[in-house]
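Worksheet: the structure to be examined is printed underneath.
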Amino acid sequence: MLIKSHSAFDYQQTRERLLKAISDNGLVLFGEFDHAKAAHNVGLTMPPTTVLVF
1 MLIKSHSAFD
11 YQQTRERLLK
21 AISDNGLVLF
31 GEFDHAKAAH
41 NVGLTMPPTT
51 VLVF
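Mapping of the sequence shown onto the UniProt record's numbering: position 25 corresponds to residue 25, and the numbering continues sequentially without gaps.
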């Protein structure tokens, strides 16, 4: 299932809060995919975009 949501916090705060919520609730983080970093690696730019698989 894919969940897309808006946050009142900036990107970094949102990511940190979500990672903490995953951990605090005993869930397992299987992967984190940083699409902005991947884009940068091939000479492209995009806003911070991360997929967390848990």
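A virtual CB, placed ideally from N, CA and C, is assigned to each residue, including glycine.
Just so you know, the alpha carbons of Thr14 and Thr49 end up roughly 12 Å apart. For Phe30, DSSP records no beta bridge to any residue. The segment 38 to 54 makes contact with the segment 8 to 24: 3 or more CB pairs, one atom from each, lie closer than 8 Å. With respect to the C-alpha of Asp34, the residue from Tyr11, Met1 and Ile22 having the closest C-alpha is Tyr11.
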